[in-house]
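Chains as they are written, first to last, in the numbering used here: chain A, 1 to 395; chain B, 396 to 790.
For glycine and all other residues, C-beta sits at the position ideal for the given N, C-alpha and C.
The structure presented is a predicted model; accordingly, all values stated were derived computationally and were not measured.
The next block holds one structure in the form of structure tokens; read it before the comments.
Protein chains: 2
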Amino acid sequence: MIHPFSFSRIPYIIFGTGKLYELYNIIPEFGNNVLFVIGGSSLIQSGIWNEFTSKLENSSINFSSVSLSGEPSPTLIDDTVAKFHNKNLDLIVGIGGGSVLDAGKAISAMLTKDGSIKNYLEGVGNKIHDGKKIPYIAIPTTSGTGSEATKNAVISEIGPDGFKKSLRHDNLIPNITIIDSELMVSCPPSVSAACGMDAFTQLLEAYVSSKASPITDSLAYTGLKFISRNILLACSTGASNVNIRGKMAYGALISGIVLANAGLGIIHGLASPIGGFFKIPHGIVCGTLLAEATKINIKTLQNQGPNGKLALKKYAQIGAMLKEKYYGQEDKIQEYCVNLVETLEKWTEVLKIDRLGKYGINRQIIHKIVENTGMKNNPVILNKENISKIILNRL
Amino acid sequence: MIHPFSFSRIPYIIFGTGKLYELYNIIPEFGNNVLFVIGGSSLIQSGIWNEFTSKLENSSINFSSVSLSGEPSPTLIDDTVAKFHNKNLDLIVGIGGGSVLDAGKAISAMLTKDGSIKNYLEGVGNKIHDGKKIPYIAIPTTSGTGSEATKNAVISEIGPDGFKKSLRHDNLIPNITIIDSELMVSCPPSVSAACGMDAFTQLLEAYVSSKASPITDSLAYTGLKFISRNILLACSTGASNVNIRGKMAYGALISGIVLANAGLGIIHGLASPIGGFFKIPHGIVCGTLLAEATKINIKTLQNQGPNGKLALKKYAQIGAMLKEKYYGQEDKIQEYCVNLVETLEKWTEVLKIDRLGKYGINRQIIHKIVENTGMKNNPVILNKENISKIILNRL
């Protein structure tokens, strides 16, 4: 039987090499006063930003831009919003990695409000955002967080009392997302690797999630296939190939759609406190924990008897797909689950995903991390010992 | 490589048995003045309508309802719109089969306009609808057209100069769709059969469409799986089983999402003139032509050499899935394509789908039908002789 589910609206998606330039036609549909939120470096260095804006300068469109780097903090959002509060913007366009897209999303939502974004962050403030925003177009330059399709913006305050929390509303899903793989070819291998592992994590966590539906399952399965067949290439010989980058970008986009509708699991449960307490890229946290958390999830599910069967079968389906086989018989669950974990371990090694220790995380802090970790929609409840083990094995 | 594509927004989907009653909470979010557009008989006979409205009568919500039967004509839409033009409606809710949902969609779009809907129909009028509408919630009681997820309303004027044309705009996608399989259990076998064949046709035509994308492919594949495993049951021993009805309803919903984004093929190309010239249910047209048109598409693709390979492979994937096998090697294309056609022929027979002759269609009219048939996004261009043959073999 199909269990009850709901599925949010998704952005209008425009996918294809060179589609960035469709913006010239799209912007006037919203008005002629636009703010671009862009990343710190690679977009400008690649020359694309100059090429894009030179034509805009000769048009009737008024535009400003802010360039951001690092994961967005409440202060960064509040300051930017203050600067543009009375500028009557018709449209915000975010072009960048996940942090830039989250920042653009948060700015578009906070331009309709007074006071700090902190008031509206889940688990931080006590106000609920009503979804009113300036229209927002998200254009990713990395293939990772899927922020181009999600309804939340992750805001971080890093430090001992730090947090990594979301501003969330169904209406914050970008109005339009443009996926142009030409924007990804200049993304360096280490960033592509961390982002790709993040996208795979999101797809896998949504696929085995307790909130999964046939819609998220069908989308996630294909997303996982695209990422798994291209992740190693995109970080090596295929880095400048727009077809390979396009397949990674597709997987990342889908990861955003499915996480917004099926939720995530223990890896993202851990990423929230780890990313709040330490300055460590989100993709590294997910990538480094992916194989280990999957192994412990599978082991725990195997001890659940019939209750664990559905999620185990789903892990096995992905393990089979990685072997270009199709999961059919139950007697292969074990074999395919092992293959899944071994493949993830291999990727972690080949892609040289950092261990947590490099960012200052040590044994002493594990207890505090575990205390602040939520299970989200993990297919099985893990006890504190197992959660600690995931971190410990990746220090 | 992934070819460029775009993908429209989809409705907010609420799926589950008994979810009709969520309307009590949803309506006030839009306002307190609502018009229900409902079908002629089964909803009322089942007692659900009375049960539903009795609670509404004791609330602060003002509601009116119009009951419609048959496929909507321009006059029907114009008359209904005239009646409610000055009523300041906040929301339209359509509850019924595809015709009712199309009527509700058209009414919600025309309440913001003056003049006849004819002015806005593709290929009929010369005005372009701007997408402005009264918010619209679509709740299907059959599993067929997928109108609950599409951006068009099909309007028919039947007769020798008749037509079957669409009012279309991205913004006409319903705001919300509620899929409640309890509403489908009273649908009689002959209607369930025609609707199920229509949904399968839409899924298959979108799957092999020249405009298909990885998103529509992943969704359509699972939709086809659900319909194929349940269509015979839903029309026989499983008719009153909400799980089976739910799976059919899921397939129909997905058929709407994928047709809105990948388009359709020759069967719907034929359904447009046939449905305009003759009073014949849309599901019967699609159902009766499905096997024959698929056979001729496959034969034509086989003569195209490498150009036909992609679509043939997709037909083979579905043929393999029907055998609970997975398409892997190219040397099985022929075997799996044959299985697809044979399965469709079997369904047509078992479900007793009428032939066209029963509705007055004969050899003499074939030429006129073919002259008015568009190829839509059929994976291959068929010549007039082959198009005629599809009709001839189903007279």
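(message) Using the Cβ count rule (16 or more neighbours within 10 Å means buried), how would you classify B/H677?
(response) Position 282 of the second sequence holds residue 677 of chain B. By the 10 Å Cβ count, B/H677 comes out buried.
(request) Give a yes or no on whether 8 Å exceeds the smallest Cβ distance from A/F396 to chain B. (result) Here chain A comprises residues numbered 1 to 395, so residue 396 of chain A is not present and cannot be evaluated.
(message) Under 8 Å, Cβ to Cβ, is there at least one residue of chain A near B/P530?
(response) Locating residue 530 of chain B in the second sequence gives position 135, counting from the first residue. No, no contact with chain A.
(request) Please confirm whether any heavy atom of the ligand MG lies closer than 7 Å to the CB of B/I662. (result) As for the ligand MG, it is missing from this structure, which has no ligand bound.
(message) The alpha helix (DSSP H) that contains A/T80, what's its start and end?
(response) Taking the first residue of the first sequence as position 1, residue 80 of chain A is located at position 80. For A/T80, the enclosing alpha helix (DSSP H) covers residues P74 to F84.
(request) Measure how close the beta-carbons of B/N799 and B/N428 come, nearest whole angstrom, since I'm counting them as under 8 Å. (result) Given a span of 396 to 790 for chain B in the structure shown, any question on residue 799 of chain B remains unanswerable.
(request) Please state if the CB of A/L232 and the CB of A/V124 are separated by a distance shorter than 8 Å. (result) Numbered from 1 along the first sequence, position 124 holds the residue referred to as residue 124 of chain A. Numbered from 1 along the first sequence, position 232 holds the residue referred to as residue 232 of chain A. Taking 8 Å as the Cβ cut-off, A/V124 and A/L232 do not qualify as a contacting pair.
(request) Please state whether DSSP places B/L516 in a helix, a strand or coil. (result) In the second sequence, the residue the question calls residue 516 of chain B occupies position 121. In the structure shown, B/L516 sits in coil (DSSP, three-state: anything other than H, G, I, E or B).
(request) Using 10 angstroms around the beta-carbon of A/R363, count the other beta-carbons present and answer buried if the total reaches 16, otherwise exposed. (result) Against the first sequence, residue 363 of chain A aligns to sequence position 363. With fewer than 16 other Cβ atoms within 10 Å, it is exposed.
(message) For B/S585 and B/I748, what's the separation of their Cα atoms in angstroms?
(response) If you number the second sequence from 1, residue 585 of chain B lands on position 190. If you number the second sequence from 1, residue 748 of chain B lands on position 353. So the two alpha carbons sit approximately 8 Å from each other.
(message) Quick check on the burial criterion: 16 or more other C-beta atoms within 10 angstroms. Buried or exposed for B/Q597?
(response) Working through the second sequence from its first residue, we reach residue 597 of chain B at position 202. It is buried - the Cβ of B/Q597 has at least 16 other Cβ atoms within 10 Å.
(request) Pick out the complete alpha helix (DSSP H) segments inside the region 479-566 of chain B, 4 residues or longer, and give them in chain order. (result) Qualifying alpha helix (DSSP H) stretches, in chain order: 493-505.
(message) Just to confirm my understanding: we take A/L340, look at its own chain, exclude 5 residues before and 5 after, and list those with CB closer than 7 Å. What are they?
(response) Residue 340 of chain A sits at position 340 when you count from the first residue of the first sequence. In the same chain as A/L340, and ignoring 5 residues on each side of it, the C-beta atoms closer than 7 Å to its own belong to T294, Y315, I318, G319 and L322, in chain order.
(message) Taking the straight line between their C-alpha atoms, what separation do you get for B/K478 and B/G554?
(response) Taking the second sequence and counting its residues from 1, one reaches residue 478 of chain B at position 83. Taking the second sequence and counting its residues from 1, one reaches residue 554 of chain B at position 159. In a straight line, the C-alpha of B/K478 is about 26 Å away from that of B/G554.
(request) May I ask you to report which of helix, strand or coil DSSP gives A/I361? (result) As a working note, residue 361 of chain A is residue 361 in the first sequence. When DSSP states are grouped into helix, strand and coil, A/I361 belongs to the coil group.
(request) Would you decide whether A/S60 is buried or exposed? Buried here means 16 or more other CB atoms lie within 10 Å of its CB. (result) Residue 60 of chain A sits at position 60 when you count from the first residue of the first sequence. Exposed, by the Cβ-count rule.
(message) Closest to B/T368 by C-alpha separation, out of B/S403, B/L777 and B/L707, would be which residue?
(response) Chain B is shown from 396 up to 790; residue 368 of chain B falls before or after that span and cannot be answered.
(request) For B/I568, collect the residues of the same chain with a Cβ closer than 8 Å to its Cβ; drop the 5 residues on either side in sequence, then sort them by chain order. (result) Residue numbering aside, residue 568 of chain B sits at position 173 when the second sequence is read from its first letter. These residues qualify, in order along the chain: S403, R404, I405, P406, A544, T545, K546 and A655.
(request) Report the rounded CA-to-CA distance for A/I155 versus A/G256, giving the unit in angstroms. (result) In the first sequence, residue 155 of chain A corresponds to position 155, counting from 1. In the first sequence, residue 256 of chain A corresponds to position 256, counting from 1. Using only the alpha carbons, I get a separation of about 17 Å.
(request) Take the Cβ of B/N702 as the centre, count every other Cβ of all protein chains shown within 10 Å, and call the residue buried at 16 or more, exposed below. (result) As a first step, residue 702 of chain B is located in the second sequence; it is residue number 307 there, counting from the start. Exposed, by the Cβ-count rule.
(message) If I measure Cβ to Cβ from B/T464 and keep anything under 6 Å in the same chain, skipping five residues before and after, which residues do I get?
(response) As a position in the second sequence, residue 464 of chain B is number 69, starting the count at 1. Going by the sequence as given, residue 464 of chain B is Ser instead of Thr. In the same chain as B/S464, and ignoring 5 residues on each side of it, the C-beta atoms closer than 6 Å to its own belong to G435, in chain order.
(message) Classify A/L310: buried if its beta carbon has 16 or more other beta carbons within 10 angstroms, exposed otherwise.
(response) Within the first sequence, residue 310 of chain A is the residue found at index 310, counting from 1. It is exposed - the Cβ of A/L310 has fewer than 16 other Cβ atoms within 10 Å.
(message) The beta strand (DSSP E) that contains A/A35, what's its start and end?
(response) Counting from one through the first sequence, the residue named residue 35 of chain A turns up at place 35. Note on identity: in this sequence residue 35 of chain A is Leu, with Ala being the wrong assignment. Note, A/L35: beta strand (DSSP E), N33 to I38.
(message) Run through chain A and tell me which residues come within less than 8 Å of B/F410, C-beta to C-beta.
(response) For the purposes of this step, residue 410 of chain B is identified with residue 15 of the second sequence, where counting begins at 1. Within chain A, I2, P4, F5, S6, F7 and S213 have C-beta atoms less than 8 Å from the C-beta of B/F410, given in sequence order.
(request) Could you check what DSSP says for A/S60 in three-state terms: helix, strand or coil? (result) One-based indexing of the first sequence puts residue 60 of chain A at position 60. Judged by DSSP in its simplified three-state form, A/S60 adopts coil rather than helix or strand.
(request) List the endpoints of the continuous beta strand (DSSP E) containing B/Y407. (result) Against the second sequence, residue 407 of chain B aligns to sequence position 12. According to the DSSP assignment, B/Y407 belongs to the beta strand (DSSP E) that extends over Y407 to F410.
(request) Quick one: grab the DSSP three-state call for B/F402. (result) Within the second sequence, numbered from 1, the residue matching residue 402 of chain B stands at position 7. Three-state result, B/F402: strand.
(request) Could you name the residues that DSSP lists as bridge partners for A/S190? (result) One-based indexing of the first sequence puts residue 190 of chain A at position 190. Answer is none; A/S190 lacks a bridge partner.
(request) Quick one: list the residues of chain B neighbouring A/G246, beta-carbon separation under 7 Å, in chain order. (result) In the first sequence, counting from the first residue as 1, residue 246 of chain A sits at position 246. Those are M396 and I397, listed as they occur along chain B.
(request) Evaluate B/L787 with the Cβ neighbour count: other Cβ atoms within 10 Å of its Cβ, from every protein chain shown; 16 or more gives buried, anything less gives exposed. (result) Taking the first residue of the second sequence as 1, we reach residue 787 of chain B at position 392. In summary, B/L787 is exposed, with fewer than 16 beta-carbon neighbours lying within 10 Å of its beta-carbon over all protein chains present.
(message) Per the DSSP calculation, A/V66 is bridged to which residue(s)?
(response) Locating residue 66 of chain A in the first sequence gives position 66, where the first residue counts as 1. In the DSSP assignment, A/V66 is bridged to A/V37.
(request) Identify, in the order they occur along the chain, each residue of the same chain with its Cβ nearer than 6 Å to the Cβ of B/L659, setting aside the five sequence neighbours on each side. (result) Residue numbering aside, residue 659 of chain B sits at position 264 when the second sequence is read from its first letter. Excluding positions up to five away in sequence, the list reads E600 and K771.
(message) Considering only the alpha carbon of each residue, which of A/S116, A/S213, A/N297 and A/L356 lies closest to A/L167?
(response) Reading the first sequence from its first residue, position 167 is the one you call residue 167 of chain A. Comparing alpha carbon positions, the residue from A/S116, A/S213, A/N297 and A/L356 closest to A/L167 is A/S116.
(message) Quick check: the Cα distance between A/K133 and A/I227, rounded to an integer number of angstroms?
(response) Along the first sequence, one-based indexing puts residue 133 of chain A at 133. Along the first sequence, one-based indexing puts residue 227 of chain A at 227. Straight across, the Cα-Cα distance linking A/K133 with A/I227 is about 32 Å.
(message) For B/I639, tell me which candidate among B/V653, B/R624, B/E719 and B/G491 has the shortest Cα-Cα distance.
(response) Taking the first residue of the second sequence as 1, we reach residue 639 of chain B at position 244. Just measuring C-alpha positions, the residue of B/V653, B/R624, B/E719 and B/G491 sitting nearest B/I639 is B/R624.
(request) Please list, in chain order, all residues of the same chain as A/I139 whose beta carbon is under 6 Å from its beta carbon, the five residues on each side excluded. (result) For the purposes of this step, residue 139 of chain A is taken as the residue at position 139 of the first sequence. Apart from the 5 residues on each side of it in sequence, A/I139 sits with its Cβ closer than 6 Å to the Cβ of I95 and I178 in its chain, given in chain order.
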